[in-house]
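Asker: Residues in the sequence shown are numbered from 429 upward in steps of one, following the working numbering. Please see the structure below; I have some questions.
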Amino acid sequence: MISPVVLSDGVRLVYERNRFSSVISIGFWFLHGSMDENLYEKGCAHFTEHILFKGTEKYSTADIAKAFDKIGGNVNAFTEKETTCFHCTFPSRHFDYAIDILADMLFHPLFDLEEIEKEKSVVINEIREGEDTPEDLSYELYMERMWPDHPLGCKITGTEKEVSDITRDTLLAFYRKRYIAENLLVAVAGNFDPDHLVKKLDQIISLPHGEMASLSRIAPVPHTDISFLNSSSQQIQIYAGTSFPVPKDPHEYYAALVFSTMAGESMSSRLYQKIREEMGLCYGIYSFRSFFPGASMWTVYLSTFPENVLTSLRTISSELSDMKNNSFRQSELSDAITHMEGELTVSCEDTEVRMKRLARQFIFFGYSFSMDDAFGYLEEISMSDIDSFLGNHIRSENFNVMVYGRMKKSLINESGKKPLLDF
429 MISPVVLSDG VRLVYERNRF SSVISIGFWF LHGSMDENLY EKGCAHFTEH
479 ILFKGTEKYS TADIAKAFDK IGGNVNAFTE KETTCFHCTF PSRHFDYAID
529 ILADMLFHPL FDLEEIEKEK SVVINEIREG EDTPEDLSYE LYMERMWPDH
579 PLGCKITGTE KEVSDITRDT LLAFYRKRYI AENLLVAVAG NFDPDHLVKK
629 LDQIISLPHG EMASLSRIAP VPHTDISFLN SSSQQIQIYA GTSFPVPKDP
679 HEYYAALVFS TMAGESMSSR LYQKIREEMG LCYGIYSFRS FFPGASMWTV
729 YLSTFPENVL TSLRTISSEL SDMKNNSFRQ SELSDAITHM EGELTVSCED
779 TEVRMKRLAR QFIFFGYSFS MDDAFGYLEE ISMSDIDSFL GNHIRSENFN
829 VMVYGRMKKS LINESGKKPL LDF
């Protein structure tokens, strides 16, 4: 197990050292995201992520970009439902240089009014780009219907109007409330001196104290919905999935991952082999799992022709029914476990992946664990764990379905003649 460190101001640090690497990845994870916004802050988490790149007293926007380009590193950020992360990867020898610039961005931003107004256009372009992408837009609609009237179902970016209405005062108030020591986790992977890392972080982190954002989170109430929404998209986008409780420990967590791998996350999975390879109903089909504060989600996605929609959905239903009634073969379980072990081994050659893995484990479980621990958890997964997951969480009466694209009315009428999902 990888032990965390508590810095002098209470900020938590988790790190994994690799003496054989010549690279460092560091992430400043603020434990708030779009789900922590109140009614008057919609879009602020994501917009603040953007605006922290827009200059400090020491560095202009261009200076920040040039500083990381100059050393061959990269700096980026993302906002999720429950976190906002700023991260960079760079050669180890530039540690002090890179971290000083990143810290200045995060802890001494200008919130320049002219930059704020310019960035509104950038974010609105981002929103419209997503709305012009059928896969993205239908996913947002799917989420809205799974958790209506809850922040988990809302757009991370906010709407165009919400972004347009953001003011400098609103952003400053949001920043001062959320960017606090209690909300910060620092994750580091690569080749570095741990003593120097701790000393440097103690020097550069400058945050006030306050109440953790996560203390006010409320778990969503799952909602069941089947929607057919017409659009100009020629391909039909289909999302079908369910909400279930958050895994209480790594064993339950890895059982969900192994199930999803066998069901639809790999080329040899049941759904991929049946729906794409055997029946030729689509180009892409996959399943994925997401874990949020208070709720988890497992979903199947595919894109297909309008005439294939009902056959695709009923084939998904029959395959899930077969998984529940006849389980998987032991060879499928063994192959899924070795597949995941291989993926983990390959991905962890990347320091950024290692850094993100450390942070997500710590946020989810309260601690981070090694690759050997992860292999151990995977090896413990049995067929009874998979059957238990299927029996407890994969139920047609709890599934949400979003069908989005150009459809004839007869398709919608036909869908109501018998259950789309029955397992």
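Using N, Cα and C, we set each Cβ at its ideal position, and we do this for glycine too. On a predicted model such as this, the values are computed, not experimentally measured, just so you know.
Return yes when the Cβ of L699 is within less than 7 Å of the Cβ of E747, no when it is not.
Answerer: In the sequence shown, counting from the first residue as 1, residue 747 sits at position 319. In the sequence shown, counting from the first residue as 1, residue 699 sits at position 271. Cβ distance < 7 Å, so E747 and L699 count as in contact.
Asker: Looking only at its chain, what residues have a beta carbon closer than 6 Å to the beta carbon of P678, apart from the 5 residues adjacent to it on each side?
Answerer: The residue you call residue 678 lines up with position 250 of the sequence shown. Counting only Cβ-Cβ distances below 6 Å, and skipping sequence neighbours, we find Y805.
Asker: What number of angstroms, rounded off, separates the C-alpha of M864 from the C-alpha of Y567?
Answerer: Residue coverage of the chain in this structure runs from 429 to 851, which leaves residue 864 outside it and unanswerable.
Asker: With a threshold of 7 Å between beta-carbons, can H478 be considered close to chain D, or not?
Answerer: Here there is only one protein chain, and chain D is not present.
Asker: Any idea what DSSP makes of Y607, helix, strand or coil?
Answerer: Mapped onto the sequence shown, residue 607 falls at position 179. Reduced to three states, the DSSP call for Y607 is coil.
Asker: Thinking just about the alpha-carbon of each residue, which of N753, T598, D801 and H651 is nearest to the one in K470?
Answerer: As a first step, residue 470 must be located in the sequence shown, where it is residue number 42. Here the closest residue by C-alpha is T598.
Asker: With 16 other CB atoms within 10 Å as the buried threshold, where does L467 fall?
Answerer: In the sequence shown, the residue the question calls residue 467 occupies position 39. L467 comes out exposed.
Asker: Tell me whether the beta-carbon of K689 lies closer than 7 Å to the beta-carbon of A764.
Answerer: If you number the sequence shown from 1, residue 689 lands on position 261. If you number the sequence shown from 1, residue 764 lands on position 336. As written in the sequence, residue 689 is Thr, which differs from the Lys given in the question. Yes.
Asker: Using 8 Å as the threshold, is the stretch 499-512 in touch with the stretch 450-461, meaning 3 or more CB pairs across them?
Answerer: yes
Asker: Do you know how far the Cα of L580 is from the Cα of D491?
Answerer: Within the sequence shown, numbered from 1, the residue matching residue 491 stands at position 63. Within the sequence shown, numbered from 1, the residue matching residue 580 stands at position 152. Cα to Cα, D491 sits roughly 36 Å from L580.
Asker: E559: buried (16+ other C-beta within 10 angstroms of its C-beta) or exposed?
Answerer: Translated into positions along the sequence shown, residue 559 becomes position 131. E559 is exposed by the Cβ-count criterion.
Asker: Please report the residue range of the alpha helix (DSSP H) in which C472 lies.
Answerer: Your numbering for residue 472 matches position 44 in the sequence shown. Where C472 is concerned, the enclosing alpha helix (DSSP H) stretches over C472 to I479.
Asker: Can you check which of these residues, E545, V503, L534 and M574, is closest to T727 by C-alpha distance?
Answerer: Counting from 1 along the sequence shown, the entry for residue 727 is found at position 299. Proximity to T727 across E545, V503, L534 and M574 peaks at M574, based on C-alpha coordinates.
Asker: Go through its chain and collect everything with a Cβ distance to N658's Cβ below 7 Å, but skip five positions before and after it.
Answerer: In the sequence shown, residue 658 corresponds to position 230, counting from 1. Here the set comprises R834 and M835.
Asker: Considering just the uninterrupted stretch of the beta strand (DSSP E) at L441, what are its terminal residues?
Answerer: Position 13 of the sequence shown, counted from the start, is the residue given in the question as residue 441. Start and end: R440 to R445.
Asker: I499 and A526 look like a contact to me (Cβ under 8 Å); what is the Cβ gap, rounded to whole Å?
Answerer: Counted from its first residue, the sequence shown places residue 499 at position 71. Counted from its first residue, the sequence shown places residue 526 at position 98. The pair is a contact, with the Cβ atoms about 7 Å apart (cut-off 8 Å).
Asker: Quick one: give me the first and last residue of the beta strand (DSSP E) that S655 is part of.
Answerer: For the purposes of this step, residue 655 is identified with residue 227 of the sequence shown, where counting begins at 1. Start and end: I654 to N658.
Asker: Note down the Cα distance separating Y681 from N820, rounded to an integer number of angstroms.
Answerer: Locating residue 681 in the sequence shown gives position 253, counting from the first residue. Locating residue 820 in the sequence shown gives position 392, counting from the first residue. It is roughly 14 Å from the alpha-carbon of Y681 to the alpha-carbon of N820.
Asker: Note down, one range per segment and in chain order, each alpha helix (DSSP H) of at least 4 residues found wholly within the stretch 761-807.
Answerer: 779-793
Asker: Per the DSSP calculation, N828 is bridged to which residue(s)?
Answerer: On the sequence shown, residue 828 is found 400 positions in, with the first residue counted as 1. Paired residue(s): G669.
Asker: In chain order, what are the residue ranges of uninterrupted alpha helix (DSSP H) at least 4 long that sit wholly in the stretch 668-738?
Answerer: 678-688
Asker: Look up G586 in the DSSP assignment and say whether it is helix, strand or coil.
Answerer: Here the question's residue 586 lines up with position 158 in the sequence shown. DSSP places G586 in coil when its eight states are reduced to three.
Asker: Are the beta-carbon atoms belonging to S655 and M830 less than 7 Å from one another?
Answerer: Numbered from its first residue, the sequence shown carries residue 655 at position 227. Numbered from its first residue, the sequence shown carries residue 830 at position 402. In this structure, M830 lies closer than 7 Å to S655 by Cβ.
Asker: Once DSSP output is grouped into helix, strand and coil, what is the label at P649?
Answerer: Along the sequence shown, read from residue 1 onward, the residue named residue 649 stands at position 221. The amino acid occupying residue 649 in the given sequence is Val; Pro does not appear at that position. Three-state DSSP puts V649 in coil, outside helix and strand.
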